[in-house]
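**Q** One gets this note's numbering by counting positions in the sequence shown from 1 and adding 202 to each. Take a look at the following structure, please.
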Amino acid sequence: ILHLMDKKLGLDKLESKDGELLTHLFGMMQGLTIDYTLFFRTLSYYNGERTALLKLGLYHKPMNDWLDAYDKRLESNTSTVKERQEKMLNTNPKYVLKNYMLQEAIDVAEQGDFTLVDALFKIAQNPYDEHEAYERWAGVTPDEFKNKKLSCSS
Numbered sequence: 203i204l205h206l207m208d209k210k211l212g213l214d215k216l217e218s219k220d221g222e223l224l225t226h227l228f229g230m231m232q233g234l235t236i237d238y239t240l241f242f243r244t245l246s247y248y249n250g251e252r253t254a255l256l257k258l259g260l261y262h263k264p265m266n267d268w269l270d271a272y273d274k275r276l277e278s279n280t281s282t283v284k285e286r287q288e289k290m291l292n293t294n295p296k297y298v299l300k301n302y303m304l305q306e307a308i309d310v311a312e313q314g315d316f317t318l319v320d321a322l323f324k325i326a327q328n329p330y331d332e333h334e335a336y337e338r339w340a341g342v343t344p345d346e347f348k349n350k351k352l353s354c355s356s
């Protein structure tokens, strides 16, 4: 698991303290209720500028503390920032199908319109690609869908 997580973080070799970095990361993400997919995709563009990452959480101190540790860990990376970003963009998908997306597609398809089903199929086939037309699917689950359950469409 550490090897996979190092890849998600853009780290090019496993180090003994990576477990601590991950424990700190997941504690921070859980405390701030940050969407994991959105966080890792945003982190994929990280170049030392923290603004986009700080927008993901309400409390900046935990994020800044973790980014300080991450910056220190990146010092031992041998890859360039661009190489790290490219590796991360190919590891951290922009799109992950979520229940609310599927439910919305089901609701529309029941009315005979399959354009949303087709769009989600395209996203699912290429989750690492940028799809400007489908940007709304890359964000946080909207509040109105957070507790919605999938219907049985059999």
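For glycine and all other residues, C-beta sits at the position ideal for the given N, C-alpha and C. The structure displayed is predicted, hence computed values, not measured ones.
Cβ of L234 within 9 Å of Cβ of G259?
**A** Yes, Cβ-Cβ distance for L234 and G259 is below 9 Å.
**Q** Between K300 and the rest of its own chain, which residues show a CB-CB distance below 7 Å, the 5 nearest in sequence each way excluded?
**A** Contacts found: T343.
**Q** Would K289 and D214 be called neighbours here (beta carbons separated by less than 9 Å)?
**A** In contact: K289 and D214 (Cβ atoms closer than 9 Å).
**Q** Quick test of your reading: M265 and L255, contact by CB under 8 Å. State the CB separation rounded to the nearest angstrom.
**A** With 8 Å as the limit, M265 and L255 qualify as a contact, their Cβ atoms being about 6 Å apart.
**Q** At which residues does the alpha helix (DSSP H) containing Y302 begin and terminate?
**A** Per DSSP, Y302 belongs to the alpha helix (DSSP H) from N301 to A311.
**Q** What are the boundary residues of the alpha helix (DSSP H) that R243 is part of?
**A** Residues Y238 to L245.
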